[in-house]
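Have a look at the structure below, then the notes.
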C-alpha cells in the first residue's frame, strides 16, 4: 500500500529537489527516498483507471497511469505497472518539446528531456539500491562521430512534420562481446534493448514516426560476422549477413547491430535512405561508454541515416537547442531533430524510398507495453487512435476501448478505407520498377501482402542487366539518378583508371580504416563513373563533382562528403552487371551464379510469367497462379488476388444476362418483327379452338345446371 501525499507537501518536495538538480550535475538518492514521494490517487470509472495528478507536472495517457513516482529531478513521472511490461513514455506539462522515457524493470532508469537540458537516471552498479541523476551533456562532452567540421547555421523556421504516422519496424542485434560484458545474462540484455528502443521511439515521436521493436537477436555463442577492421568493413559484413540470414527469418525495416567495440572517433555507421532495402537497411553502433541514454542518441542518429537524414553540419537548419540536434555529426546526446532532418525524411517519402514505413506493425510482432492510447495496436486491441483529443476525428475507433465502432471493419492499414476493407484486387503497394511486383488487398484483411519482387538474377533491360532486390541495376540508370536523364555510363577505361588509386575519389570500399584499391577485374564495381553529365546533380544533396580527363574525354564521379559514418552513395550499386554472367557484389565482379537464380520460366511458369523473390510464379495478365498454365487474372500466391472475389455476383449476373436474358430479348424482337405473319398463320386455328371451347363450356354449364336443380 502507498500512503497519500498532501498536495502542498509534494509541491514543496518537488520544488526543493528541483533547485538541487539545477545547481548540481550529479546527485544520489536512495530508493526508499523515492517511495516517500509515491502518490496514488486513482478512481475507477467504467473500465478505466483515472488518476488525479493535481499539480504533478508530468502527464501520460490516462489509461496508463496507476501511480506516480517523484524521482527527485524536478518532475514527477506517472507510470503504471502492467504485467510483464515496465517501459513507459510521457512528457512534461506546460513545457513544449519535452519528453520522458522511463523504465521501472530493475530500479528506476530513464531520460527526461527538458527545454535546454536532458537528464538521465539509472541505478548505480556498485549499489543498485541507489540511483544516479546526471546531465546527459556531461557524459557526451567529447564528440564522437563523423569529424565533419561544424559549419555556421543560418536558422529558419521549422515546418510541420508529415501528418501521417509512419512506423519503423526495428530489429536489434547484440554482438557476443556485449553479451559477455553483461555476464551472459539474457534477461538483462533483453531488458536493456527494450529500454533502448523505448528511448529511440520517444525521440522520433516529434517527427510523427513511431519506432517499434519487432525483433531482438543476441549472439550468445559467437559473433556471426567478423567485427575486425574499420566501421565500413563491419557494416558491409553485417548488411550482407542481414540480407542472407535475417531478412528471410523476420520482417523488419531496419536492423541495428550493437557492438562492444570502439572504432576510434566513429561512433557508428549506416547507409543513407535505405530503410526499406533488403541489402542495405541497417547500421552498426559502438556501445562503449555503458550509458544507455547517451548511446540511444547514437542509434537514433544511425537510424536517421537509414531514414534519409543527412548531417546538419554546414546546412541552414533550425535546431530547438543550442547544443545541436541528433543528426549533428558529433554524438552530442541530443534528443531533438532539426528542420533539416524533417525535410530529409519528407523527401525520402516523396521519392517513395520509405514505402515500407506505411504499414502498421502487426500486434503480435511488437515488443511494447500494451495499453489503450499509445497509438499502437497491441495484442487484444482492434485499433488505437491515441488520446481522447486525437480520437475526436477518428470515425472508426472507440477511444475508451480501442475497439472498432459499430459498422466498422477496420481502422488502419493499407487495405482500409473509410472504416471498410478495400475490395480484393485493390493495389496496396504499386510496382516501382520493372523488377518490382505490385501487391493487392485480399478483401478480408487490413494488411497488404508482404513485399515481393522479381527473383534476383532475372535478366532485365533487354538482357543488359540483372534484377536485384526489386530494381533493374545498370550503370546508365545510376548515373541518371545522380546527374539527370541525359547522363550515361563512362567508358570502362575510366573505371579502371580512377578506381585503381585507392583513395576517397576512387576505390573498392574500405580496408583497415582506409580505402581499398580496385583490382582490374573489379574496377567496374568501385566508384561510379559517368559521362554526358550536367553541372547540377539531382540527388538532393550537393556533392563535389570529380572530373577526370581520360583518352580525350572526361569521366565524372561524385563525392558527397557525408562523413565517416556514412558509406559513399557514389559507388556502383550491388547487383549491377559487370560482364557476361558477372555481377557486382561487395565491390567485386563475381560470377552471377552467386545470385542463385534457378527459375526456368518456360518450364515452371509455362512461359507466361516470372519467378518472384519467394521462387513462386508471378503470372502475366490472363494467366492464373500458381503455374500460369490456365487462364486467369495474373499475379501470384504471394501478391494477393488481382480480382475481387466479392464481385462474383456481378460475374454471375453477366452470365445470366448473356445466356438467359439476351436470348429471350432476341426472341422477343423476332416475334415483334414477324408478328403479322405469325398472326395470319395462327389466327384461324386459334378462332376454331376458341369456338370449340365455347361449345364445351356451354354443354358443361347446362349439365351443371341440371344437376343442381335435381338436388
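Residue numbers (our numbering): 690 to 1400.
Think of the CB as a built atom: it goes at the ideal place given N, C-alpha and C, for glycine as much as any other residue.
These numbers come from a predicted model, not from an experiment.
Contact between residue 970 and residue 977 does not hold, since the beta-carbon distance rounds to 24 Å and is not under 8 Å.
Each of 942, 1092, 1202 was checked against the Cα of residue 1050, and the nearest Cα belongs to 942. Annotation: the continuous beta strand (DSSP E) that includes residue 1272 extends over 1271-1274. In terms of Cα proximity to residue 1072, the closest of 1129, 1136, 1130, 1017 is 1136. By alpha-carbon distance to residue 1218, the top candidate from 1262, 1255, 1205 is 1262.
Apart from the 5 residues on each side of it in sequence, residue 974 sits with its Cβ closer than 8 Å to the Cβ of 945, 946, 947, 948, 956, 957, 984, 987, 988, 991 in its chain, given in chain order. Residue 1258 counts as buried, since at least 16 other C-beta atoms from the protein chains shown sit within 10 angstroms of its C-beta. In its chain, beyond the 5 residues on either side, 930, 934 have a beta carbon closer than 8 Å to the beta carbon of residue 913. Per DSSP, residue 974 is one residue of the beta strand (DSSP E) stretching across 971-975. Within the stretch 1122-1190, the beta strand (DSSP E) runs of at least 3 residues that lie entirely inside it are, in chain order, 1154-1157, 1160-1162.
Cβ neighbours of residue 863 within its own chain (closer than 6 Å, five residues either side excluded): 878, 907, 947.
In the structure shown, residue 1105 adopts extended strand secondary structure according to DSSP, grouped into three states. The C-beta distance from residue 1099 to residue 1115 rounds to 13 Å, too long to fall under 8 Å, and the pair is not in contact. DSSP, reduced to helix, strand and coil, places residue 812 within a strand of the structure shown. Less than 9 Å separates the beta-carbon of residue 1163 from that of residue 1265. Here the C-alpha atom of residue 798 lies approximately 21 Å from the C-alpha atom of residue 905. Going by C-alpha positions, residue 866 is about 23 Å away from residue 903. The C-beta distance from residue 999 to residue 959 rounds to 11 Å, too long to fall under 8 Å, and the pair is not in contact. When rounded, the separation of the alpha-carbon atoms in residue 1154 and residue 1198 is 22 Å.
Counting only residues of its own chain and dropping the five nearest sequence neighbours on each side, residue 1185 has a CB closer than 7 Å to the CB of 1209, 1212. Here DSSP, grouped into helix, strand and coil, assigns residue 986 to helix. Comparing alpha-carbon positions, the option among 1277, 1308, 1276, 1281 lying closest to residue 1290 turns out to be 1308. A distance below 9 Å separates the beta carbons of residue 1001 and residue 1027.
Selection 916, 1325, 1017 evaluated against residue 1139 yields 1325 as nearest (Cα-Cα).
Comparing C-alpha distances from residue 1156 to each of 1075, 1192, 1125, 1010 shows the shortest one belongs to 1125. Of all C-beta pairs linking the stretch 914-925 to the stretch 868-885, fewer than three are shorter than 8 Å, placing the two stretches out of contact. Between the alpha carbons of residue 939 and residue 1239 lies a distance of about 47 Å. Residue 1067 and residue 1092 have their C-alpha atoms spaced approximately 11 Å apart. Taking 9 Å as the cut-off, the Cβ atoms of residue 1022 and residue 855 do not count as close.
Under the 10 Å beta carbon count, residue 1357 is surrounded by fewer than 16 other beta carbons and is classified as exposed. For residue 893, the uninterrupted alpha helix (DSSP H) run begins and ends at 875-893, by DSSP. Close CB contacts of residue 916 within its chain, under the 7 Å cut and outside five residues either way in sequence, are with 864, 923, 948, 950 (chain order). In terms of Cβ geometry, residue 821 and residue 811 form a close pair [threshold 9 Å].
Per DSSP, the unbroken alpha helix (DSSP H) holding residue 920 starts and ends at 920-930.
Between residue 1323 and residue 1311, the C-beta gap is smaller than 9 Å, which places the two residues in contact.
With respect to residue 1007, residue 892 sits apart: the two C-beta atoms are not nearer than 9 Å.
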